[in-house]
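The next block holds one structure in the form of structure tokens; read it before the comments.
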Amino acid sequence: MELFGRIKAPQTGERAVLVHVDFDREQDREGLSEFKELVHSAGAFFETLITASRHTPDAKYFVGKGKVEEIMAAVEAEEAEVVIVNHALSPSQERNLSNKVGCRVVDRVGLILDIFAQRARTHEGKLQVELAQLKHMSTRLVKGWTHLERQKGGIGMRGPGETQLESDKRMIGEKIKQLNKRLEKVRKQRELGRRGRQRSDIPTVAIVGYTNAGKSTLFNRLTDAAVYAEDRLFATLDSTLRRVEIPGAGPCILADTVGFIRHIPHDLVAAFRSTLEEAREADLLIHLVDASDEMKEQKIDEVFEVLEEIGADEVPQILVMNKIDRLIGRAPGVEIEQPHSVDKAWVSAQSGAGMDELMQLISEQFKGRFVQVKACFSAGEGRLRSELFKLGKVMNEAYTDEGDVELTMELSAGEYEQLLNNKQVVVQELG
Ligand SMILES: Nc1nc2c(ncn2[C@@H]2O[C@H](COP(=O)(O)OP(=O)(O)O)[C@@H](O)[C@H]2O)c(=O)[nH]1
Ligand SMILES: [Mg+2]
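Read in order, the letters of the sequence shown are residues 0 to 430 in numbering that gives the first Met the number 0.
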């Protein structure tokens, strides 16, 4: 039994006992550190990690009898509320173990689903996670499981002669069908409105990358650097969204996204992707990498690939190499690449090294994206005026001494070009 200090998890988090088994073929210590990171992400805290070595899982409890005793003792000693196992358990293993140790047992799939449920922000993401949760749950239904009965509103729901178990299963089946229908609808709407992003919104910077890359640390570090103390109260939108003021870039929303996971259970891939889909709506992606990780090249490629698959590869991206304090002779700084390649920054989110350079790089990205102009046209052109309001963000409207309308506008490069093609408008670029 290994002991760990109390980690920085919130006091409100559940107390957990962790269980990890090394099987013959996969001595996977990397999986072990990822496991702790996932537990941390879920908001639980733990003092005890129980490890075991086996050839194959035990049919009844997943772990052997001796380990079951050990888990029981730890649960009792720590008054733990949940046992989290770093593997996919069968429903009956989960149930047997839970009955034996006297508290809830969550397997790896349940743990990851819980993190997704906390992180899903888009409508589609939430539906997709709920769907995966229901599917996971439906395999775990047993007689005497009364949770659903309370929810479904009783009399008349059950057919004659139908058992509780059958009706619960039927209900979950119905719910899954409904969710699939709603998802289909949301997807169609999305296809239609793909470019319909709200122009007036403040730009969003999303931090993406593997679990443990340091996303949350960077998120906090950037918030510290870019929020004035008196604004702190208003900066928090939820625990993973903040409003920050990047010097030179103006206000932005900073988003800490759901982390990539190496051994993601197959059933959860769809839920993961839809949870990450907010990345597609972002104006800038900070692709964060643990530079001290031996697998970093592979992970970078994987992130690129998934971003492409969810259609987020069009969003400008900065590759940020984190944890340089662990590398020898690597100074903080940025590398500006040729056009069409990704700029790179070397930082330590923990020590704060390289943060100023990174913020500068972020503001450069935004500067390139928007042009501020004055657009001048004669006052009678009502239709033209409304066209311009549709074209881009109007910051100010005034009249010149000659009585013409003068709009101060913020435009993307493409919108700017459109405006230049309009011969009725005199355009002046602001420095
Ligand atoms: N040495 C070092 N550790 C870091 C740095 N940034 C983050 N960490 C650590 O890496 C672990 C994962 O960080 P976290 O921000 O939770 O990663 P996330 O899963 O991507 O959100 C934590 O133990 C951090 O303290 C860094 O710059 N240097
Ligand atoms: Mg995190």
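We put the CB at the ideal spot given by N, CA and C, even for glycine.
Distance between beta carbons of P331 and E356, contact taken as under 8 angstroms: In this structure E356 is in contact with P331, their Cβ atoms being roughly 6 angstroms apart against a cut-off of 8 angstroms.
Beta-carbon gap between A87 and D106 smaller than 8 angstroms: Cβ distance < 8 angstroms, so A87 and D106 count as in contact.
Distance cut-off 7 angstroms: K322 Cβ against heavy atoms of ligand 1: Yes, the Cβ of K322 comes within 7 angstroms of a heavy atom of ligand 1.
Distance CB(V305)-CB(R272) smaller than 8 angstroms: Using a Cβ distance threshold of 8 angstroms, V305 and R272 count as a contacting pair.
Assigned secondary structure, L326 (DSSP; H/G/I helix, E/B strand, else coil): Taken through DSSP and simplified to helix, strand or coil, L326 comes out as coil.
Beta-bridge partners of A205, as assigned by DSSP: A254, L284, per the DSSP bridge assignment.
Cβ pair count under 8 angstroms reaching 3, the segment 122-138 against the segment 48-62: The segment 122-138 and the segment 48-62 do not touch, with fewer than 3 CB-CB distances between them shorter than 8 angstroms.
Residue from E428, Q188, T138, I175 with nearest C-alpha to L164: Nearest C-alpha to L164 among E428, Q188, T138, I175: T138.
Nearest candidate by alpha-carbon position, reference S89, set H135, L326, Q117: The closest CA to that of S89, considering only H135, L326, Q117, is found on H135.
Residues near G109 in its chain [Cβ-Cβ closer than 6 angstroms; skip 5 each side]: Correct list: empty, nothing qualifies.
Opposing strand residues paired with N321 [DSSP bridges]: Listed as beta-bridge partners of N321 by DSSP are D289.
Sufficient close CB pairs (3 or more, under 8 angstroms) joining the segment 317-326 to the segment 285-292: Yes, they touch.
Closer than 7 angstroms: K343 CB and nearest ligand 1 heavy atom: The nearest non-hydrogen atom of ligand 1 is 7 angstroms or more from the C-beta of K343.
Cβ-Cβ distance between A79 and I49 below 8 angstroms: By the CB criterion at 8 angstroms, A79 and I49 fall outside the cutoff.
Beta-carbon spacing of T210, L37 below 8 angstroms: Inclusion of T210 and L37 in the CB contact set at 8 angstroms is warranted, their separation being smaller than that value.
DSSP state of V62 mapped onto helix, strand, coil: V62: coil per DSSP, three-state reduction.
Three-state secondary structure (DSSP) of L112: Annotated three-state conformation of L112 is helix, per DSSP.
Stretch pair the segment 239-259 + the segment 219-228: three plus CB contacts closer than 8 angstroms: Taking one beta carbon from each stretch, the segment 239-259 and the segment 219-228 have 3 or more pairs nearer than 8 angstroms; the two touch.
DSSP state of L418 mapped onto helix, strand, coil: Judged by DSSP in its simplified three-state form, L418 adopts helix.
L498 in three-state terms, based on DSSP: The structure shown does not extend to residue 498, since the chain is modelled only from 0 to 430, so the question has no answer here.
Three-state secondary structure assigned by DSSP to T50: Residue state, collapsed to three classes: strand.
Spatially closest choice to N85 from L17, Q92, V204, by CA coordinates: Looking at the Cα atoms, L17 is the closest of the given residues.
R139, DSSP secondary structure in three states: It is coil, neither helix nor strand.
Residue burial classification, K180 (beta-carbon count within 10 angstroms, cutoff 16): Classification for K180: exposed.
D255 beta carbon near ligand 2 (any heavy atom closer than 7 angstroms): The nearest non-hydrogen atom of ligand 2 is less than 7 angstroms from the C-beta of D255.
Heavy atom of ligand 1 within 7 angstroms of N211 beta-carbon: Yes, the Cβ of N211 comes within 7 angstroms of a heavy atom of ligand 1.
Cβ distance (whole Å) where M408 is taken to contact V372 below 8 angstroms: Contact holds; Cβ gap of about 5 angstroms.
Sub-8 angstroms separation of K99 and V67 beta-carbons: Taking 8 angstroms as the Cβ cut-off, K99 and V67 qualify as a contacting pair.
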